[in-house]
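J.: For the record, the sequence lines run as chains A and B.
Numbers given in this note's numbering equal positions in the first sequence, counted from 1, plus 73.
Numbers given in this note's numbering equal positions in the second sequence, counted from 1, plus 658.
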Amino acid sequence: EAQVTQNPRYLITVTGKKLTVTCSQNMNHEYMSWYRQDPGLGLRQIYYSMNVEVTDKGDVPEGYKVSRKEKRNFPLILESPSPNQTSLYFCASSLYGVGVTEAFFGQGTRLTVV
Amino acid sequence: GENVEQHPSTLSVQEGDSAVIKCTYSDSASNYFPWYKQELGKRPQLIIDIRSNVGEKKDQRIAVTLNKTAKHFSLHITETQPEDSAVYFCAAIEGGGSQGNLIFGKGTKLSVKP
């Protein structure tokens, strides 16, 4: 089944403890991206990647890192999480750019930083 | 950069009525405008999109219109049904092209009353 898989689905952590949220797609998509969703603010893009080893900042990249060493994986890294990073995170992938082909979203990761 | 405004933030209609959600954008180079539907607790899913070379696109009960001169686009849902209840997001690509930052509106919560 074609899908975008995020792990974990739920995570509670403490301030400053490094964490990684994984994202994997099995559709051989070139384009992958990360969003955070907050009430009243909609979806905001954190980082995106047009292909392996190519990443770019989105709208709200501060406090986040990403890497794209393989086509299928695009992990989101929070080196030192803070409470303002408590949010619902979505990974998405698209065959090519989001302006060319449909973006498919993962099931979401709800992160709480205390 | 691109700014996408979406109205209204909440919309309540009776089953069978029509619903209209409007978005404006600021970047005249934007050329791709998708609409996503997010049901409660689920991931966003693309329901329809439109490119800047067309003014209207329909898919059964859903239609999207685009006015490039005025820089606004709208989602129209006819004969609404309870299963149309969800949060709807409009989006636009920053700077045009096929890749890059997808900027979302803040969302419209649509409630369809039986």
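Ideal Cβ positions, reconstructed from N, Cα and C, are used throughout, including at glycine.
Given the structure is predicted, the values throughout are model-derived calculations rather than measurements.
Name the chain A residues whose beta carbon is nearer than 8 Å to that of Ile761 of chain B?
T.: Those within 8 Å of Ile761 of chain B in chain A are Gln118, Asp132.
J.: How far does the beta strand (DSSP E) with Ser167 of chain A in it reach, from first residue to last?
T.: Where Ser167 of chain A is concerned, the enclosing beta strand (DSSP E) stretches over 160–167.
J.: Of the residues that make up the segment 699–728 of chain B, which ones have a beta carbon closer than 9 Å to any beta carbon in chain A?
T.: For the segment 699–728 of chain B, which is checked against every Cβ of chain A, the residues closer than 9 Å are Gly699, Lys700, Arg701, Pro702, Gln703, Leu704, Asp707, Arg709.
J.: Going by Cα to Cα distance, which pick from A:Pro154, A:Val77, A:Asn101 is closest to Lys90 of chain A?
T.: Lys90 of chain A has its Cα closest to that of A:Pro154, out of A:Pro154, A:Val77, A:Asn101.
J.: In chain A, what lies closer than 7 Å to Gly765 of chain B by C-beta?
T.: In chain order: Gly115.
J.: Roughly how many whole angstroms lie between the Cα atoms of Gly131 of chain A and Arg117 of chain A?
T.: So the alpha carbons of these two residues sit roughly 8 Å apart.
J.: Determine the contact status of Ile689 of chain B and Ile761 of chain B, defining contact as a CB-CB distance below 8 Å.
T.: Residue identity check: residue 689 of chain B is Asn in the sequence provided, not Ile. In this structure, Ile761 of chain B does not lie closer than 8 Å to Asn689 of chain B by Cβ.
J.: What is the DSSP secondary structure of Asp717 of chain B, counted as helix, strand or coil?
T.: Looking at Asp717 of chain B - three-state DSSP - the assignment turns out to be strand.
J.: Listed in chain order, which residues of the segment 136–165 of chain A have Cβ atoms closer than 9 Å to some Cβ of chain B?
T.: Answer in chain order: Phe163, Ala165.
J.: Can you check whether the C-beta of Gln98 of chain A is within less than 8 Å of a C-beta belonging to chain B?
T.: Answer no: the Cβ-Cβ gap between Gln98 of chain A and chain B never drops below 8 Å.
J.: Relative to the C-alpha of Val678 of chain B, which residue among B:Ser684, B:Thr723, B:Arg701, B:Asp707 is closest?
T.: Per the Cα distances, B:Thr723.
J.: Run down chain A in chain order and give the residues with a C-beta less than 8 Å from the C-beta of Phe747 of chain B.
T.: Here the neighbours are Gly115, Leu116.
J.: For the 8 Å Cβ check, are there 3 or more pairs between the segment 684–704 of chain B and the segment 168–182 of chain A?
T.: Yes, the segment 684–704 of chain B touches the segment 168–182 of chain A.
J.: By alpha-carbon positions, which one of B:Asp675, B:Lys716, B:Gly699, B:Lys767 ends up nearest to Ser801 of chain B?
T.: There is simply no residue 801 of chain B to check, as chain B begins at 659 and stops at 772 in what is shown.
J.: Who are Ser38 of chain A's beta bridge partners in DSSP?
T.: As displayed, chain A neither begins before 74 nor continues past 187, which places residue 38 of chain A out of reach and without an answer.
J.: Measure the alpha-carbon distance for Phe731 of chain B versus Thr682 of chain B and round it to whole angstroms.
T.: Their Cα atoms are separated by approximately 6 Å.
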